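Following our numbering, the numbering of the sequence shown begins with 1 at its first residue and continues without gaps. Beneath this line is the structure, given in structure tokens, with notes to follow.
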Amino acid sequence: MKPAKPSKGTVTTTLRIPAELYEALREAAFRLRRSQNELIAEAVEDKLRDLGFLKAEHGGDGGMA
């Protein structure tokens, strides 16, 4: 069986983070019943918006749900 291809408009990348941050991410994803990918994408989107690299979108989650 072939691995699923990313949906249109997505990119696969490698991320290195401290072990403590990874463990917190794993626990959050498990407890919130969300994927680690969702949480990372949401956090990156929020941070980039705060820094002014993304425009604020009204009335939604920016397509991250």
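C-beta: ideal position from N, C-alpha, C; glycine also. All figures in this text were calculated on a predicted structure; none of them were measured in a lab.
Just so you know, the alpha carbons of ALA43 and TYR22 end up roughly 14 Å apart. In the DSSP assignment, GLU20 falls within the unbroken alpha helix (DSSP H) covering 19-32. CA-CA distance, LYS8 to ARG16, rounds to 24 Å.
Our two residues, ALA19 and ARG26, have alpha carbons roughly 10 Å apart in a direct line.
Per the coordinates, the alpha-carbon of SER35 lies some 9 Å from the alpha-carbon of ALA28. Proximity to THR14 across ALA24, ARG31, PHE30, ILE40 peaks at ILE40, based on C-alpha coordinates.
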